[in-house]
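Below, the structure is given as structure tokens:
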């Protein structure tokens, strides 16, 4: 927001003359917010009481009365007065986290998860150059496929039908971004192309894909695609579904990137043309870096959503972490404690998605401050 | 010239791919001895689905099955859209409160529901209902509603048909209001609408009240009561229905809350200061200055959320609610007409998304400044 000063010069709000900061008194500010008016006091008292009651029952159920370990099976959770049965996770975590992956080989899944988490941690730092991050992610993705598939370095071969759990969810997600981002950029550029047929085709692909539910796109990819391809070209179900994920993500990413392209002043491209740069140079050195940088915060919304969307694979009968948890909780001994099992997965997604969106927010703040520095 | 050649090559490639894929499909269908065509639509389905808002029997045709699926999708989406909008509006307003208790609760809600997958939430609600006590020991919610593993039992008007028709009349009345105001604006843009509140109330409440009165003004409500083994009276919403309803509404409400918050915060602070300066009251500032301007920012992203809600109602397949996707999925197995069934389903979803998009765009034009 800008204030227009009498001199007619526009200044960002932060530079406008502000009253000197009042003596900050946090306690007084808080009391004012809580008990400032009759209405506010009423809200505070009723809301506070409700919150306390809720917190009391939630803590009692989830922590105080909870059963954490059950060496003798689910009987420990059945005793009267028992709260949450977290023992179900201790009993079922190999299936929840790794699906149908052979038990003796699950260390490979542990290594994979560790690699992803460590590199995600490294990627947070601004100091690490973007290219290093990207090359690292590509390397980790290739290593992940080798780890899951096996067949070399003395690891036994594991077919994609046995892949599952968190490693599978990570790989679906990674594959979606790795394939969908380049495709999305191409679609966005194609839609803005001056060639009418080319642009119409890209527009049609984007809009039709966005008009379908993801489930329909996945069903087309997993069920219909084999019908239209000769038998020798058929790949397995996981890869087919992944192609559906990629196309769906690309259609949304294309629109976000197109938004980024539109914020770019025309002068940028014209100046690059005047300098005699070729189309490829203009695209790779001038247009795309700026467009993607400005689209990145909103692109992160698409990215978080595509991580949440990995759960759709459970409906196709594949063992992503939701599918794996579903089948783990079919065990008649533990089926009564399904809620605890799902809460665990809920927490897992919550932590990962919050991390991703917090990072997206920080990118947004950064790009805003960059804009402010540029004098906008 | 080069551009033209490129595009001709592109068109040729696309045509070639379509023909090639069509030939492949025909060969595959012939190899499996499957027939194709849309003749199966009039034959009976011979399958049945779980309880929905509309139902069909195994002797009904595929055409009716699709119609039932569309009906169930639309009713579920409409109910969820209304719930999500109201809830999202309240939470969005709460998150702007000065008092940290409501704003903290609102922010926690948004954080929890936005950062977890919708499908997981739906499965969670379904599991939660399955874990509820049996009907005999149902949890009473103030004596009027009950929660049990059979679902949510709530009071309902005995004459359900009148209630449904009145709801339809309400929607038609609101549509009429929209069109009326729009045409009035284009005919007499300068005219002021001193009586617009009365006109609006007439359009919105008149048709449903008229329908209700014409049908003999039925007043009785059926209140559920807990018998020895089961409920009598009321309507029991099965867990499939409640799970997908909660899952759609609560998830989208979190996004709507953020949109509402952003819309209200996006109103220029100078506008509010100016309103105070010229002596408008708190509520005048809210309804004459903030809301009309915030609406302009809220409508486009809100439409996108509604479309997303409608599309994700297809997740009903995960809990067995008979909406369009689950019925198509079963129909595809029973009829063997994969391509035909998926084509019909896809086209319906596309048409519904486009329809919401068009309605949103129309409403958006309606709330923008008329002069621009």
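Residue numbers (the numbering used here), protein chains in the order written: chain A, 13 to 388; chain B, 15 to 386.
For each residue, glycine too, the CB sits at the ideal point set by N, CA and C.
Check                                                                                                                                                                                          : Outcome
Output, in chain order, the set of chain B residues within a Cβ distance shorter than 7 Å of residue 327 of chain A.                                                                           : 331, 332
In three-state terms, what does DSSP make of residue 154 of chain B?                                                                                                                           : strand
From the DSSP output, in three-state form, read off residue 159 of chain B for me.                                                                                                             : strand
Just checking, does the region 163-173 of chain A make contact with the region 284-295 of chain A on the three C-beta pairs under 8 Å criterion?                                               : no
When the Cα atoms are used, what is the spatial distance from residue 326 of chain B to residue 230 of chain A?                                                                                : 13 Å
Determine whether the Cβ of residue 29 of chain B lies closer than 8 Å to any Cβ atom of chain A.                                                                                              : no
Take the Cβ of residue 342 of chain A as the centre, count every other Cβ of all protein chains shown within 10 Å, and call the residue buried at 16 or more, exposed below.                   : exposed
Let me make sure I understand the geometry here. Which of A:297, A:178, A:273 has the alpha-carbon closest to that of residue 444 of chain A?                                                  : Residue 444 of chain A lies beyond the residue range present for chain A, which begins at 13 and ends at 388; the question has no answer from this structure.
Return the CA-CA distance between residue 257 of chain A and residue 107 of chain A, expressed in angstroms with no decimal places.                                                            : 24 Å
Kindly say whether residue 234 of chain A, judged by its beta-carbon, lies nearer than 8 Å to any beta-carbon of chain B.                                                                      : no
Is residue 270 of chain A buried or exposed, if buried means 16 or more other CB atoms sit within 10 Å of its CB?                                                                              : buried
With distances taken Cα to Cα, identify the nearest neighbour of residue 184 of chain B among B:144, B:155, B:357, B:219.                                                                      : B:219
Provide the residue(s) that pair with residue 332 of chain A in DSSP beta bridges, ordered along the chain.                                                                                    : A:177
How would you call residue 175 of chain B, buried or exposed, if buried means at least 16 neighbouring beta carbons within 10 angstroms?                                                       : exposed
Note down, in chain order, every chain A residue with its Cβ under 7 Å from the Cβ of residue 367 of chain B.                                                                                  : 223
Can you tell which of B:252, B:234, B:26, B:179 has the C-alpha that lies nearest to the C-alpha of residue 221 of chain B?                                                                    : B:179
Could you check how far apart the C-beta atoms of residue 304 of chain B and residue 274 of chain B are, in whole angstroms? I think they sit under 8 Å.                                       : The Cβ separation is near 11 Å, so there is no contact.
Please return the same chain residues whose Cβ sits closer than 7 Å to the Cβ of residue 253 of chain A, not counting the five positions on each side in sequence.                             : 230, 233, 234, 325, 328, 330
Could you compute how far the alpha carbon of residue 80 of chain A sits from the alpha carbon of residue 97 of chain A?                                                                       : 7 Å
Could you name the residues of chain A that residue 186 of chain B contacts, counting a contact when the two beta carbons are closer than 9 Å?                                                 : Those within 9 Å of residue 186 of chain B in chain A number zero; the least Cβ separation is about 26 Å.
So what does DSSP say about residue 130 of chain A, is it helix, strand or coil?                                                                                                               : helix
Taking the C-alpha atoms as reference points, what is the distance between residue 364 of chain B and residue 324 of chain B?                                                                  : 11 Å
Along the region 241-253 of chain A, where does the CB come closer than 7 Å to a CB of chain B? Name the residues.                                                                             : 241, 242
What residue range is occupied by the uninterrupted alpha helix (DSSP H) comprising residue 84 of chain B?                                                                                     : 76-108
For residue 73 of chain A, I'd like the list of residues in its chain whose CB is within less than 8 Å of its CB, leaving aside the five on either flank, ordered along the chain.             : 95, 96
In its own chain, which residues sit with a C-beta less than 6 Å from the C-beta of residue 264 of chain A, not counting the 5 before and 5 after it?                                          : 314
Work out the CA separation of residue 302 of chain B and residue 273 of chain A for me, nearest whole Å.                                                                                       : 36 Å
Check the Cβ-Cβ distances between residue 297 of chain A and every residue of chain B, and say whether any is below 8 Å.                                                                       : no
Work out the CA separation of residue 89 of chain B and residue 67 of chain B for me, nearest whole Å.                                                                                         : 7 Å
Inspect the CB distances between the region 112-126 of chain A and the region 144-164 of chain A and report whether three or more fall short of 8 Å.                                           : yes
By the criterion of Cβ-Cβ separation under 7 Å, what are the contact partners of residue 138 of chain B in chain A?                                                                            : 354, 358
From the DSSP output, in three-state form, read off residue 106 of chain A for me.                                                                                                             : helix
Against chain A, does residue 78 of chain B count as a neighbour if the rule is that its beta carbon must be under 8 Å from one of theirs?                                                     : no
Would you kindly report the start and end of the unbroken alpha helix (DSSP H) that includes residue 137 of chain B?                                                                           : 132-144
Closer than 8 Å by C-beta to residue 203 of chain A: which residues in its own chain qualify, once you throw out the five before and the five after it? Chain order, please.                   : 211, 214, 215, 218, 266, 270
Roughly how far, in whole angstroms, is the beta-carbon of residue 322 of chain A from the beta-carbon of residue 153 of chain A, given that I think they are within contact range, below 8 Å? : With 8 Å as the limit, residue 322 of chain A and residue 153 of chain A do not qualify as a contact, their Cβ atoms being about 15 Å apart.
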